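> So the mapping is simple: this note's numbering equals the position in the sequence shown, first residue as 1, plus 185.
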Amino acid sequence: MHDLKPHDDLLHGERLLIRTVRLLALATPCHSLRAHFEAACGCSGQAAYRMLEAFVQQLGARGRRRVTLSIPADPRLTDDEVLILDAFGCAQAEDYRSLDERLTGLVGAAPPFPLGAAACVVAETLAMNGLMLRARPAPNSLIPRAWRDDPPFLMAAE
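#1: In the DSSP assignment, the alpha helix (DSSP H) including I269 goes from what residue to what residue?
#2: Just the Cα atoms here: how many angstroms apart are R319 and A220?
#3: So G274 and L288 are supposed to be a Cβ contact under 8 Å. How far apart are they, rounded?
#4: Around the C-beta of D194, are 16 or more other C-beta atoms found within 10 angstroms, so that it is buried, or is it exposed?
#5: Have a look at Q243, A276 and R261 and flag the residue whose alpha-carbon is nearest the alpha-carbon of R200.
#6: Quick check on the DSSP output: the alpha helix (DSSP H) that includes C226 runs from which residue to which?
#7: So V292 is in the alpha helix (DSSP H); what residue range does that whole segment cover?
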């Protein structure tokens, strides 16, 4: 694990989101956490939980790099977990360019459409239920080179 950060300052929605992602990544269903997620999100909680499942499945199936997650009970965050929280925060803030940058950094390639759609649905559901997420500035090392240094279009003659 790299640069673990304590998550004592996380908001309730962020804590709920990261715990759910960790357990879903282990492919071990936790019905009490699912019920807690649904209770926090009201009548749309089940759909948001399913979309979060789709997000984790897409990240695992389409990712071209290994994403580092802590164990579910660990109070610290890895850099990838911070990037996941930031991606959902960008989705909630409707900053789609930053969301795409974060998802590209997580996947290691252009993110598939369902990944961004799932992040937007989950983030909006959390927002509708008062569970706000913060969009943090991501360090340049986590944002892919294509967005920082290289021109957006490369001509064939170059």
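Note that beta-carbon positions come from the ideal geometry of N, C-alpha and C, so glycine has one too.
It should be emphasised that the depicted structure is a prediction, and the values quoted were computed from it without experimental measurement.
A quick look at the data gives this:
#1: D264 to Q277
#2: 24 Å
#3: Incorrect: roughly 13 Å between the Cβ atoms, too far for contact.
#4: exposed
#5: R261
#6: H216 to C226
#7: Y281 to V292
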